[in-house]
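**Student:**
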Amino acid sequence: MLLLLRRTTTTTAAAAVVVFSRFSSSTTAASNLPKPFSQIPWKHRSKAIQESQKALSEYLHTTRSLPFPYADNIARNSPNSLSRIVSEIPFSPATFENSFQRFLRYHPVNELEFLSESIGLNSEEKNTILPPNTFFLSDWKHFDVVCALAGLGFPWIKLGSLCKELLEIDQWQLRKKIAEIKGFYGFNSVCVISICLVFPRVLYDEMDGLLTDLKTLFLDYDLLSCVEGNVDSLLDVCEKIKTFYDLGCEMGKIGELMGRSKSIFVEYSKEGEWFFERLKNESPSILDSYAISCTEDLDKHYADNLTKIRAKRTYAHALKKLNFLHNIGFGENKFAMKALFLLNSSSCQLQRRFDCLLRCGIEYSSLCAMVKLSAKILNQQESILEKKIRFLCSDMGSSLQYLDVFPGYLCYDLEKRIRPRFELHRWLMEKGYCEKEYSISTIIASSEKAFVARISRIHEGAAKKWEEGLSERDGELGCGEGAAAP
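Take any residue in the sequence shown, count from 1 to its spot, add 33: that is its number in my numbering.
1. With 16 as the cutoff for other CB atoms within 10 Å, does W189 come out buried or exposed?
2. Tell me whether the beta-carbon of E111 lies closer than 9 Å to the beta-carbon of E150.
3. So is R490 buried or exposed if we call it buried at 16+ other beta carbons inside 10 Å?
4. Using 10 angstroms around the beta-carbon of V438, count the other beta-carbons present and answer buried if the total reaches 16, otherwise exposed.
5. Using only the alpha-carbon positions, how far apart do A351 and R293 sit?
6. Please confirm whether L99 and L170 have their CB atoms less than 9 Å apart.
7. Just how far apart, CA to CA, sit R208 and W499?
8. Quick check on the burial criterion: 16 or more other C-beta atoms within 10 angstroms. Buried or exposed for P165?
9. Can you tell me whether W173 is helix, strand or coil according to DSSP?
10. Rounded to a whole number of angstroms, what is the C-alpha to C-alpha distance between V299 and Q72?
11. Taking the alpha carbon of I118 as the reference point, which residue from H359, A104, E84 and F133 has its own alpha carbon closest?
12. Whose C-beta lies closer than 6 Å to the C-beta of A49 among residues of the same chain, with five residues either side of it excluded?
13. Indicate whether C444 and K409 have their beta-carbon atoms separated by less than 9 Å.
14. If we ignore side chains and look at the alpha-carbon of each, how far apart do N221 and L436 end up?
15. So, do the segment 225-239 and the segment 350-364 have three or more beta carbon pairs nearer to each other than 8 Å?
16. Report back the beta-carbon spacing between I395 and Y442 to the nearest angstrom; my notes put them in contact at under 8 Å.
17. May I ask you to report which of helix, strand or coil DSSP gives D279?
18. Mapping DSSP to helix, strand and coil, what is L38?
19. Helix, strand or coil for S64 per DSSP?
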């Protein structure tokens, strides 16, 4: 079982990487759905989103008597439903906030529609779980279960994965069951939440075998000390554990085995599950149709550099980083070596930053492609990456999919380049000096000389305004901090 998670250097393993890469890329397609709030002009979009979310939250809390934390979660996590309502209101920057509030006063919204999106239900699940022709949360008998889960610390946006499992249980049974699990097995709250999100049956069924395995791994072998003590980290571990049960391992029988090999749940990604499931169902003959050429099997540039690395005193550090690159899809070729020499962090730091970007919502296959194009994005701290992504989506009104086109966005300094350039362009748009909406890559990636020349052509006072703010910025930083050379 554990051999499935080891990377080997045989031709078969190389073929597996090729097949997995090709199949996974073919299963990822960009959505053709319109972006939320696309009907609002770009320069006003960020403010309009904030105003509409605030108004909806106040409406649910004040008018519909919903506790504020729940109202706020619904408003912040239902962009598509909110966008549909906003589209019914003629947009004017000066009157939008009042117009939206007035609309809510006279047009009751479909609260269940907002709730279902905010907790992560898709359309099929929504039709199965929610009663038809029902608008108000107070009319859905299971809403108290949702509130109980949120009150126990479950992440709001993940509650949808539990709702379909809990239609026949009330909130008091739920609270009792969670208390029993914590008391009998010794799990803390974060641990119980992560387990329930991946194995929801524990909330309404007897799952002693599973819980015993998890107790052995988490507490007896102290896996909890090897991961961060938050829901996201433990959720990732539980999903990896579930992979083995899905592949046929018996619950209650593998706790000791997992405990003795606990490092695999920290060091390895879950993304290989899809390929190995296919390999299991179709047999290893699936590899026969994928011939690997000599250039794929052995790259001289790669081999020469590998020899040089092994001759250095710090070779172990470099080999761990190289192994990380192979695990996310780099082949044994010059591209892996090029990326290796660009990365100035340890393998553990690289993995944490990679996982951070996954938690931000970037698809695994997309992130691998981004790293291949711009490996330096992993030289930055998690907090910096998170700030840049929030700015891209919230302030700039773009989406994560834009990073597929311009991954280098993450390599520029937020405070010294991205934000000031974006705000200057927004100022030009708001003042009516610029009618053309430039792409983010054009705004950010242009050299300083080209940027100043362009804004000068747009408006003669723009360059002066830019120079006035230049003293507050110390120039661009290297990508280790968050910026890259243009």
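All residues carry an ideal CB built from backbone N, CA and C; glycine is no exception. Remember, predicted model here, so these are calculated numbers, not experimental data.
**Tutor:** Taking the coordinates as given:
1. buried
2. This sequence places Ser at residue 111; Glu is not what is there. Cβ distance < 9 Å, so S111 and E150 count as in contact.
3. exposed
4. exposed
5. 27 Å
6. yes
7. 58 Å
8. exposed
9. coil
10. 44 Å
11. F133
12. At A49 the pLDDT is 35, less than 50, meaning the model places this residue with poor confidence and gives no usable figure here.
13. yes
14. 37 Å
15. no
16. So it is not a contact: roughly 12 Å between Cβ atoms.
17. helix
18. Residue confidence for L38 is low, a pLDDT of 36 falling below 50, so the modelled location carries little weight and cannot support an answer.
19. In this prediction, S64 scores a pLDDT of 40, lower than 50, which makes its location untrustworthy; the coordinate-derived value is nonetheless stated afterwards. Correct three-state label for S64: coil.
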